[in-house]
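The C-terminal position of the sequence shown is numbered 336 in numbering that gives the first Met the number 0, with every residue numbered one higher than the one before it. Virtual Cβ for every residue (Gly too), placed ideally from N, Cα, C. All values reported here derive from a predicted model rather than from experimental measurement. Take a look at the structure set out below.
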Amino acid sequence: MKKIFIVSFLILLFITTNPAFAGGKQNLGQAGMTFLSIGGSARAAGMADILDFAKNDLGSVFYNPAGLGSVENRAFYFNYTQWLADMSVAHMAFSWNFENIGVFALSAQIMNYGDFNGTAIAQNTQGYTNIDVGTVSGMVLGLGYGVQMTEQFYIGGNVKWISQNLGQNDTYIGGEVESSGKVNNISDIAFDFGTMYDTDIRSIMLTMSIRNYSSQQLYENEEFTIPQTFKIGIAADLIELFSNPNKDHKVFLALEGVDARDRIQYINVGLEYTLIQMVVLRAGWASNRSQDDMSPFTAGAGFILDSSSFLGKIDFSYSSFDSALGSTLRFSISGAF
Numbered sequence: 000m001k002k003i004f005i006v007s008f009l010i011l012l013f014i015t016t017n018p019a020f021a022g023g024k025q026n027l028g029q030a031g032m033t034f035l036s037i038g039g040s041a042r043a044a045g046m047a048d049i050l051d052f053a054k055n056d057l058g059s060v061f062y063n064p065a066g067l068g069s070v071e072n073r074a075f076y077f078n079y080t081q082w083l084a085d086m087s088v089a090h091m092a093f094s095w096n097f098e099n100i101g102v103f104a105l106s107a108q109i110m111n112y113g114d115f116n117g118t119a120i121a122q123n124t125q126g127y128t129n130i131d132v133g134t135v136s137g138m139v140l141g142l143g144y145g146v147q148m149t150e151q152f153y154i155g156g157n158v159k160w161i162s163q164n165l166g167q168n169d170t171y172i173g174g175e176v177e178s179s180g181k182v183n184n185i186s187d188i189a190f191d192f193g194t195m196y197d198t199d200i201r202s203i204m205l206t207m208s209i210r211n212y213s214s215q216q217l218y219e220n221e222e223f224t225i226p227q228t229f230k231i232g233i234a235a236d237l238i239e240l241f242s243n244p245n246k247d248h249k250v251f252l253a254l255e256g257v258d259a260r261d262r263i264q265y266i267n268v269g270l271e272y273t274l275i276q277m278v279v280l281r282a283g284w285a286s287n288r289s290q291d292d293m294s295p296f297t298a299g300a301g302f303i304l305d306s307s308s309f310l311g312k313i314d315f316s317y318s319s320f321d322s323a324l325g326s327t328l329r330f331s332i333s334g335a336f
């Protein structure tokens with residue numbers, strides 16, 4: 000019965016990511032607040048942004064909240080992303096595991112768009128004057144919950160308050176710069192939901208998640224939605240899949256189908272090799288990266304410190320854009336105690 004379920008799941012994965020089954024149409028909508036699409040985990044970024052299968056990783060709150068149900072004790076998490084130009088993103092979370100109740104997590108995402116210089120016409124030798132455009136930023140605050148329903152099934156959700164501030168409007172009137180008093184900001188409430196199923200067959204895991212589910216928003220007479228994303232995936236330890244489990248060597252292969260509001264359907268493939276539960280090497284391939292002038296290949300590494308009272312992890316990742324945009328780096332640190 001489980002094997003039939005896995006085969007059915009793989010068929011669903013193929014259908015979801017194949018535009019031919021959608022009448023040949025490409026699902027290219029528009030989305031606002033696109034900073035929500037920037038991944039919040041160096042571990043995930045090293046595997047083409049795959050993390051829906053992860054157990055005991057608080058970073059799952061930014062991918063598949065079902066993973067929260069496997070986070071032990073109390074845990075903290077921080078990820079820093081050096082994005083394009085002088086932009087950067089920080090993700091952070093803290094969780095508590097309440098026995099027989101589940102795991103609760105508080106999370107935050109802060110988007111720094113860098114410095115913006117504004118100018119206005121002025122009657123001076125330069126012909127302009129510098130003006131303050133105000134703060135340009137994005138922020139997300141979330142409350143997540145995950146629980147292990149059975150020995151094999153996890154479920155979780157996340158409610159998020161999202162805010163984006165794009166500065167203020169200034170006008171040039173009679174040689175003077177005056178503020179219009181209009182601040183360009185907008186906020187929204189969004190939800191994430193996910194499941195994770197351990198089939199108990201050769202370490203095979205099946206996942207499903209929906210992120211950034213929200214109603215339409217109105218901004219300057221134009222309606223838009225945030226970048227809603229639906230994912231289904233399958234992952235397994237290749238060593239255990241074809242032979243006996245090996246505690247000193249694990250090679251996880253993950254395959255994920257993605258249906259995003261502002262992207263054509265695409266596939267992510269990630270590989271994670273763990274040596275003696277201490278050193279981790281990662282690689283990934285994403286079929287849609289050319290849409291954003293990115294290399295389809297990603298890479299990353301990590302280190303694990305596991306003692307009787309503390310589990311710590313440090314991760315790095317590298318993703319490359321074209322020559323004009325450069326590359327992005329991520330750094331994550333987490334711990335459970």
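Beta-bridge pairing of residue i - partner residues as DSSP gives them
i, result
"N111", "S87 and S136"
"L105", "F93 and L142"
"D197", "M204"
"A234", "M204 and A253"
"Q216", "F223"
"A189", "K159"
"F152", "Y196"
"T128", "A119"
"R210", "T228"
"Q147", "Y153"
Residue range of the unbroken alpha helix (DSSP H) whose run includes residue i
i, result
"R42", "A41 to A44"
"L240", "L237 to F241"
Supposed contact pair residue j and residue i - C-beta distance, whole angstroms, cut 8 Å
i, j, result
"G38", "A53", "About 13 Å; that fails the 8 Å criterion."
"Y76", "S87", "Contact flag wrong, Cβ pair sits at about 17 Å."
"G101", "V146", "3 Å"
"Y265", "S286", "5 Å"
"N211", "A189", "5 Å"
"G299", "R42", "7 Å"
"V60", "A92", "5 Å"
"R288", "A30", "Contact doesn't hold; Cβ gap of about 18 Å is too wide."
"S308", "S319", "Between S319 and S308 the Cβ distance is about 39 Å, and since that is not below 8 Å, they are no contact."
"Y62", "F103", "Contact doesn't hold; Cβ gap of about 17 Å is too wide."
"L105", "L142", "6 Å"
Own chain, CB closer than 6 Å to residue i, minus 5 neighbours either side, in chain order
i, result
"V139", "Q108, K159 and I161"
"F229", "I209 and D258"
"Y272", "V250 and L280"
"L240", "R201"
"I332", "F77 and I313"
"N184", "N164"
"R329", "A41, A44, T80 and S316"
"S186", "S162"
"G269", "M46, A47, I49, A253 and G283"
"F34", "M110 and G137"
"D191", "P64, N157 and R210"
Beta strand (DSSP E) segment containing residue i, residue limits
i, result
"A298", "M293 to D305"
"Y317", "L310 to F320"
"V278", "V278 to A285"
"F75", "R73 to Q81"
"A119", "G117 to I120"
"E222", "E221 to F223"
"A253", "H248 to A259"
"I100", "No beta strand (DSSP E) contains I100, which DSSP labels as neither H nor E."
"G38", "Element bounds for G38: n/a, residue is neither H nor E."
"A327", "Here residue 327 is Thr; the residue named in the question, Ala, does not match the sequence. Where T327 is concerned, the enclosing beta strand (DSSP E) stretches over S326 to A335."
"N267", "Y265 to L274"
"N55", "Unbroken run through N55: none, as it is neither H nor E."
"I49", "No beta strand (DSSP E) contains I49, which DSSP labels as neither H nor E."
"N63", "Per DSSP, N63 belongs to no beta strand (DSSP E) and is neither H nor E."
Residues near residue i in its chain [Cβ-Cβ closer than 8 Å; skip 5 each side]
i, result
"Y196", "Q151, F152, Y153, M204, L205 and T206"
"T118", "Y127, T128, N129 and I130"
"G22", "Reliability fails at G22, whose pLDDT of 42 lies under 50, so the model's placement of it is uncertain and the value that follows must be treated cautiously. Closer than 8 Å at Cβ, skipping near neighbours: no residue."
"L237", "V250, F251 and L252"
Residue i: CB within 8 Å of a non-hydrogen atom of the ligand FAD
i, result
"I185", "What this structure holds is no ligand at all, so the ligand FAD is not there to describe."
Cutoff 7 Å; reference residue i; Cβ partners in own chain excluding five residues on either side
i, result
"N26", "Because the pLDDT of N26 is 49, which lies under 50, any placement of that residue in the model is unreliable, and the question is left without a value."
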